[in-house]
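Which chain is which? The protein sequence lines are A and B, in order.
Counting with this note's numbering, you get residues 571 to 868 for the letters of the first sequence.
Counting with this note's numbering, you get residues 27 to 332 for the letters of the second sequence.
Notes follow once the structure below has been shown.
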Amino acid sequence: MFPWPRLTVSQTEILWGYLLILPFMAFFAVFFLFPYGMVIWLSVVDWAPRGTTEFVGLQNYADVVEMDSAQKAMFNSFYYALMVVPISTALSLLTAVLIVSLRSSQLRGFFQAAFYLPGVISGLAVAIIWRFVFDFHVGVLNYALSLVNLEPVNWLGNIYAALPSLAGMAIVSSNGVAIIIFCAALLSIPSSLYDAAAVDGAAFWRKHWSITLPLLTPAMLYVIVVSTLGALQVFVPIYVLTRGGPVYSTITVGYYIYNQLIFYANAGTAAAAGLLLLVATVGFTIFQFRRFSQVVEF
Amino acid sequence: MATQSRLNRQTPSLIETLQLRLLPEGAASVWRYIALLMILVLAAVSLFPLYWALITSFKHPSDVATIPPSFVLTRPVLKNYIDLMTGSGVANSPVLRWFWNSVFTGAVFTFGVVLVASLAGYSFARKQFPLRDKLFWLIISTMLVPAWSTLIASYVLTLKLGMHDTYWALILPGLASPFALFLFRQFAVTLPDELFQAARIDGAHELQLWYTITLPLSRPVLATLAIFTFTYHWNDFLWPLLVLNKPNIYTMPVGVSIIMFQLKGTGPAYGIGMSAAILMSVLPIVAFIMMQKQMIQGITIGSLKG
């Protein structure tokens with residue numbers, strides 16, 4: 571799509587084009603592109619802040635692959651994403667359908683805002699609040715259980731409950747963006763399509779299966795890809811609520827990388843783990859696109 | 027943007043037809059009540075933690091952790107906020123300083139991001155130069171890469187540049203924001219060409235076209251962008267946690283997280299924790315309420331036009 575054939579475009583136009591993007595590109599090159607090269611270099615050396623940095627080949631990758639905590643971290647990240655993404659996508663879609671079906675536009679706006687509101691505050695604030703909610707002795711969750719005569723649950727201290735608890739927190743508190751996107755997508759479906767289906771005598775479920783769902787696919791793909799990316803990188807709740815414990819039951823790739831970098835000063839292993847996460851994520855994203863492009867062909 | 031304007035302009039009758047299509051026919055009125063009930067329950071669940079933090083933060087420390095918990099505020103006091111601000115119970119916690127660090131670097135960062143992105147966005151939208159589209163998509167595609175993969179390199183790079191424990195580490199690394207560029211470029215593309223041609227005939231040069239035509243016309247986008255950027259910076263936790271190690275340079279979130287781990291005893295600690303959470307949330311919430319429409323537009327631009 572370059573303007574090569576139309577040579578009426580003057581040289582100054584080109585020059586100005588480059589000049590105007592120069593500040594952006596300079597920062598982008600230094601702080602976005604350069605780190606890509608640097609992380610590959612870091613992953614094959616034994617990096618030392620002071621002293622000599624030695625080339626170690628693929629040793630860092632071997633370390634990561636063999637390390638118990640790293641394996642657990644990779645497993646936990648995907649397990650967490652598999653809990654969070656499907657449930658919160660479905661919940662967001664349901665909420666969006668409910669919002670769109672409200673009669674008054676003020677109410678629609680109000681509920682969109684109400685669901686988006688918890689999403690504008692920081693993950694740290696959310697995590698601090700939930701630490702109180704999850705508290706074994708004085709948390710409201712265990713109080714609610716006691717009202718129906720159930721035993722209190724050690725939400726964050728039990729190796730089986732901890733990761734699902736964190737997933738539950740994410741499901742409840744991070745749907746705002748998805749809901750707004752689904753609302754917009756639902757409202758952009760031309761109602762003439764439904765009229766046509768009605769003429770053809772399509773039943774209620776049939777109509778939604780063949781009209782609503784396919785037309786929501788792009789929005790759904792966007793929501794799923796973005797929330798998967800977010801879920802695979804989860805860090806703040808882990809840091810605030812569990813620190814990866816108990817016994818690695820909530821360690822995620824993000825927390826593993828943080829640990830390697832800050833506590834063990836192992837930039838090499840951290841870099842290798844980061845690149846492995848990149849490969850896994852890109853693979854997963856391509857897989858999602860493939861799945862969806864099959865579904866879209868209706 | 028198109029979606030939002032459609033949302034607003036949609037005539038009631040059109041929306042109603044769509045609504046009737048979304049719900050099963052015949053039972054529409056019953057369904058409406060069920061829908062309203064469900065949505066109220068969902069909204070209550072989603073907003074409860076925020077409400078709970080808000081009332082807890084105003085409780086007296088001795089009322090914070092009671093069994094059974096009290097869900098209404100009987101005697102509001104500012105004790106938790108005062109304890110937080112004065113760093114009571116935790117040594118070396120200059121909370122006001124952290125607040126200032128966050129606000130100051132946030133303001134500089136936001137100005138820088140908007141300036142750099144609007145220059146580049148204008149160019150990507152309205153100039154013709156070789157490699158333009160390839161560069162643009164290269165920049166955009168970095169948004170799909172997990173931040174963790176390059177974070178370590180950014181950490182080492184800023185360490186080597188001597189930026190750790192300085193404001194620079196909070197301002198420079200994120201200055202070229204792909205999201206900001208994308209948002210601004212998508213807007214600048216829609217501006218009518220005639221304006222620019224007319225100004226060119228009058229002898230305006232490129233910087234004038236950017237300053238006197240593009241910027242004034244894109245005020246709503248600039249405001250949205252500024253709010254998004256400031257909120258992002260204000261909420262950011264991981265990066266400052268990595269690069270800041272001296273209490274005096276902490277941002278609000280880093281300082282608060284340190285406080286949370288040093289507080290002993292769950293009762294009073296939760297009171298201070300909730301007041302910290304609320305204090306960190308006030309700015310983003312006020313910004314959201316002021317800029318609701320534009321922010322919601324900003325979200326849908328990324329998903330439906332991209």
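Built from N, CA and C at the ideal position, the CB exists for glycine as well.
Asked                                                                                                                                                                          : Found
Output, in sequence order along the chain, the residues in the stretch 312-328 of chain B whose CB is closer than 7 Å to any CB in chain A.                                    : Phe314, Gln318, Ile322, Ile325, Thr326
Look at the alpha carbon of Phe125/B and the alpha carbon of Met653/A, and state the distance between them as a whole number of angstroms.                                     : 36 Å
In the DSSP output, which residue or residues are listed as bridge partners for Phe254/B?                                                                                      : The partner list for Phe254/B (beta bridge, DSSP) is empty, contrary to what the question assumes.
Report the neighbours of Pro656/A on chain B: residues whose CB is nearer than 9 Å to its CB, in chain order.                                                                  : Near Pro656/A there are no residues of chain B at all, since even the closest Cβ is about 17 Å away, more than 9 Å.
Report all residues from its chain with a CB closer than 6 Å to the CB of Ser119/B; omit the five preceding and five following residues, and keep chain order.                 : Gly113, Ile285
Which residue comes first and which comes last in the alpha helix (DSSP H) that contains Phe706/A?                                                                             : No alpha helix (DSSP H) holds Phe706/A; DSSP gives it neither H nor E.
If you pair each beta-carbon of the stretch 651-669 of chain A with each one of the stretch 792-799 of chain A, do three or more pairs fall below 8 Å?                         : yes
Please report the straight-line C-alpha distance between Ile145/B and Pro266/B, rounded to a whole angstrom.                                                                   : The sequence shown places Leu at residue 145/B, not Ile. The alpha-carbon atoms of Leu145/B and Pro266/B are separated by roughly 27 Å.
Closest Cβ-Cβ distance between Val723/A and chain B: below 8 Å?                                                                                                                : no
Quick one: is Arg673/A near chain B, going by C-beta distance under 8 Å?                                                                                                       : yes
The alpha helix (DSSP H) with Pro593/A in it runs from where to where?                                                                                                         : 581-598
Residues in the same chain with beta-carbon distance under 8 Å from Pro246/B, minus the five sequence neighbours each way, listed in chain order, please.                      : Gln320
Can you find the residues in the same chain that come closer than 8 Å, C-beta to C-beta, to Leu141/B, ignoring five residues on each side of it along the sequence?            : none
Name the chain A residues that come within less than 9 Å of Asn261/B, Cβ to Cβ?                                                                                                : Val690, Ile691, Ser692, Gly693, Leu694, Ala695
Considering only their Cβ atoms, is the gap separating Met316/B from Ser83/B smaller than 8 Å?                                                                                 : no
So Gln629/A contacts chain B; which residues on that side make the cut at Cβ distance below 7 Å?                                                                               : Those do not exist, as Gln629/A stays about 16 Å from chain B at its closest Cβ, beyond 7 Å.
Indicate whether the contact test is met: 3 or more Cβ pairs, each with one atom in the stretch 192-202 of chain B and one in the stretch 591-600 of chain A, closer than 8 Å. : yes
Go ahead and pull the three-state DSSP assignment for Phe805/A.                                                                                                                : coil
Give the interface partners of Gly299/B over in chain A, defined as CB-CB distance under 9 Å, in chain order.                                                                  : Ile698, Ile699, Arg701, Phe702
Can you tell which of Tyr792/A, Ala767/A, Gly771/A has its C-alpha closest to the C-alpha of Thr782/A?                                                                         : Ala767/A
For Phe594/A, is the beta carbon positioned less than 7 Å from some heavy atom of the ligand SAH?                                                                              : The ligand SAH is not part of the structure shown, which contains no ligands of any sort.
Among Ser819/A, Ser671/A, Ala748/A, which one has its Cα closest to the Cα of Asn646/A?                                                                                        : Ser819/A
Less than 8 Å between CB atoms is the rule here; does Leu786/A satisfy it with respect to chain B?                                                                             : no
Relative to the C-alpha of Trp174/B, which candidate in Leu726/A, Leu733/A, Ser671/A, Val609/A has its C-alpha closest?                                                        : Val609/A
When you compare the CB of Met189/B with every CB in chain A, is at least one pair closer than 8 Å?                                                                            : no
Using 10 angstroms around the beta-carbon of Lys186/B, count the other beta-carbons present and answer buried if the total reaches 16, otherwise exposed.                      : exposed
Helix, strand or coil: how does DSSP classify Thr37/B here?                                                                                                                    : Confidence at Thr37/B is low in this model, with a pLDDT of 45, below 50, so its placement is unreliable and no value can be given for it.
Pick from Met64/B, Met169/B, Ala179/B, Ile60/B: whose alpha carbon is nearest that of Thr851/A?                                                                                : Met169/B
Find the residues of chain B that neighbour Tyr606/A, judging by a C-beta separation of less than 9 Å, and give them in chain order.                                           : Thr168, Val171, Ser175, Thr176, Ala179
Return the chain-ordered list of same chain residues with a C-beta closer than 6 Å to the C-beta of Arg35/B, the five sequence neighbours on each side being excluded.         : Note that Arg35/B scores a pLDDT of 45, beneath 50, so its modelled location is shaky and nothing firm can be said.
Along the alpha helix (DSSP H) that carries Ala737/A, what are the first and last residues, could you check?                                                                   : 732-743
To which residues does DSSP link Glu624/A through a beta bridge?                                                                                                               : Asp616/A
Taking Cβ-Cβ distances below 8 Å as the criterion, which residues of the stretch 54-83 of chain B are in contact with chain A?                                                 : Trp57, Arg58, Ala61, Leu62, Met64, Ile65, Leu68, Ala69, Val71, Ser72, Leu73, Pro75, Leu76, Trp78, Ala79, Thr82
Residues of chain A with CB under 8 Å from Ala224/B, in chain order?                                                                                                           : In chain order: nothing, as chain A lies at least about 17 Å away.
Grab me the residues of Gly709/A's own chain with a C-beta within less than 8 Å of its C-beta, minus the 5 sequence neighbours each way, in chain order.                       : Phe702, Val703, Trp725
Check whether the Cβ atoms of Thr136/B and His259/B lie closer than 8 Å to each other.                                                                                         : yes
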